[in-house]
Amino acid sequence: MCIAGTRLLLEESIADKFLDLLKQQAQNWQPGHPLDPATTMGTLIDCAHADLVHSFIREGEGEGQLLLDGRNAELAAAIGPTIFVDVDPNASLSREEIFGPVLVVTRFTSEEQALQLANDSQYGLGAAVWTRDLSRAHRMSRRLKAGSVFVNNYNDGDMTVPFGGYKQSGNGRDKSLHALEKFTELKTIWISLEA
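Note that our numbering has the sequence shown beginning at 2, numbered continuously upward.
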């Protein structure tokens, strides 16, 4: 979940249709007890963290339209997918790391506006671009200020590639040879056998 996407930027021309499909799919995810066969997603780490996520959701109700409310009264730490739309990019819901199943959707009309919205964050761990235009994919990938950029997928990974973020999303890289350099020290030892 470290690199979970929490902001979704949707091109205005497809936004309404996409949001209908997203809501239908998200409603299939049922939080609950991990031993219950009906559960399709687990609970949050504990009730205290669930309370924090609930406070973000309550605050968000004044910042945007609640498309899907995932709050669950039956199990305290269970929160299902929660989707807000048309949230001001400067609202706290758009700017804070929530660490819960809350998605904030903002519409855009141009590539330049999408880049500005995506990069206007103190965080930069991961970003994704969905497009059929390979030139756009390369252009946006170069300009997105994120440590990992995914094109037409999200959250792929491999131990051989560096993982880490820009800005407040960390310093340095884990995984790959970069991590070996970060977590080890070189030492030179000279031994004379003529003693």
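Using N, Cα and C, we set each Cβ at its ideal position, and we do this for glycine too. Values in this document were obtained by computation on a predicted structure and should not be read as measured data.
(request) Identify every run of the alpha helix (DSSP H) within the segment 116 to 162, keeping only runs that are complete inside it and at least 4 residues long; order them along the chain. (result) 135 to 144
(request) Just the C-alpha distance for S95 and R137, rounded to the nearest angstrom, thanks. (result) 25 Å
(message) For L116, which residues in the same chain have their Cβ closer than 8 Å to its Cβ, ignoring the five residues on either side in sequence?
(response) M141, R144 and L145
(message) Starting from R8, trace the alpha helix (DSSP H) in both directions and tell me its first and last residue.
(response) Taken as a continuous stretch (DSSP letters only), R8 belongs to no alpha helix (DSSP H), being part of the beta strand (DSSP E) at R8 to E12.
(message) For a minimum of 3 consecutive residues, which ranges assigned as the beta strand (DSSP E) are wholly contained in the segment 12 to 94?
(response) 66 to 69 and 83 to 86
(message) Just to check my reading of the structure: F109 and L36 have Cβ atoms closer than 8 Å, yes? What is that Cβ distance to the nearest angstrom?
(response) The Cβ separation is near 42 Å, so there is no contact.
(request) Evaluate S93 with the Cβ neighbour count: other Cβ atoms within 10 Å of its Cβ, from every protein chain shown; 16 or more gives buried, anything less gives exposed. (result) exposed
(message) Pull the bridge partners of T107 from the DSSP assignment, please.
(response) L10
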